[in-house]
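Engineer: Taking my numbering, I'd label the letters of the sequence shown as residues 453 to 581. Note that the Cβ used here is the ideal one computed from N, Cα and C, for glycine as well. Sending over a structure as structure tokens; questions will come in a sec.
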Amino acid sequence: MKTAVLKVCGWMVAILLISNVLAFAQGTTDKPVLEGDYDMELNVTGAGAFPIALTVKRDDKGNLTTESKDQIGISITGISIDKDDNVTLQATYQGNSFELKGKRKDDTLSGDFDVSGYQGTWTAKKKKG
Numbered sequence: 453m454k455t456a457v458l459k460v461c462g463w464m465v466a467i468l469l470i471s472n473v474l475a476f477a478q479g480t481t482d483k484p485v486l487e488g489d490y491d492m493e494l495n496v497t498g499a500g501a502f503p504i505a506l507t508v509k510r511d512d513k514g515n516l517t518t519e520s521k522d523q524i525g526i527s528i529t530g531i532s533i534d535k536d537d538n539v540t541l542q543a544t545y546q547g548n549s550f551e552l553k554g555k556r557k558d559d560t561l562s563g564d565f566d567v568s569g570y571q572g573t574w575t576a577k578k579k580k581g
């Protein structure tokens, strides 16, 4: 009788441990995928807000790539993100390269910038669907 009770208790403990490990593993992968279409806005202090349509994809090798469309000549040419959700957008304007650094929170990328005398903020909100 004691052996049967011990076996049942042992199995219960094993099941609880496995459930907790699986729940933890799922909790660490619940971040939304970075790929998708974003409504981006570049807010330049003293000059206003400029919309940018941003698309983040993966190429054949699994590397992140970007496509962008705007009305003022800014091109988002690349993106990188680290394990702490720090985001860097590589961009060009009139032949000059610069970076927009920020952070990812859920489906939104955002940050501040100070480039060649221009300051402001940027936000890219992932489109639903």
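From Asp-559 to Thr-573, what distance separates their C-alpha atoms?
Structural biologist: Distance between the alpha carbons of Asp-559 and Thr-573: 17 angstroms.
Engineer: Exposed or buried, which one is Leu-561 when buried takes at least 16 other CB atoms within 10 Å?
Structural biologist: Result: buried.
Engineer: Could you give the first and the last residue of the continuous beta strand (DSSP E) run that contains Asp-566?
Structural biologist: Residues 560–567.
Engineer: Which same chain residues end up closer than 6 angstroms to Leu-541 when comparing Cβ atoms and leaving out the 5 residues on each side of it in sequence?
Structural biologist: Only Ile-528, Ile-531, Leu-552 meet the Cβ criterion.
Engineer: Would you kindly check if the distance between the Cβ of Arg-556 and the Cβ of Asp-537 is under 7 angstroms?
Structural biologist: For Asp-537 and Arg-556, yes; Cβs fall inside 7 angstroms.
Engineer: Nearest by alpha-carbon distance to Gly-514: which of Phe-502, Ala-505, Val-567, Val-485 is it?
Structural biologist: When only C-alpha atoms are compared, the closest one is Val-485.
Engineer: Looking only at its own chain, which residues have a Cβ that is under 6 angstroms from the Cβ of Phe-502, when we skip the five neighbours before and after it?
Structural biologist: Cβ within range, chain order: Leu-494, Ile-524.
Engineer: Where does Gln-523 sit, in a helix, a strand or coil, going by DSSP?
Structural biologist: Three-state DSSP puts Gln-523 in coil, outside helix and strand.
Engineer: Between which two residues does the beta strand (DSSP E) holding Pro-503 run?
Structural biologist: First-last of the beta strand (DSSP E) with Pro-503: 500–510.
Engineer: With DSSP run on the structure shown, which of helix, strand or coil describes Gln-571?
Structural biologist: Correct three-state label for Gln-571: strand.
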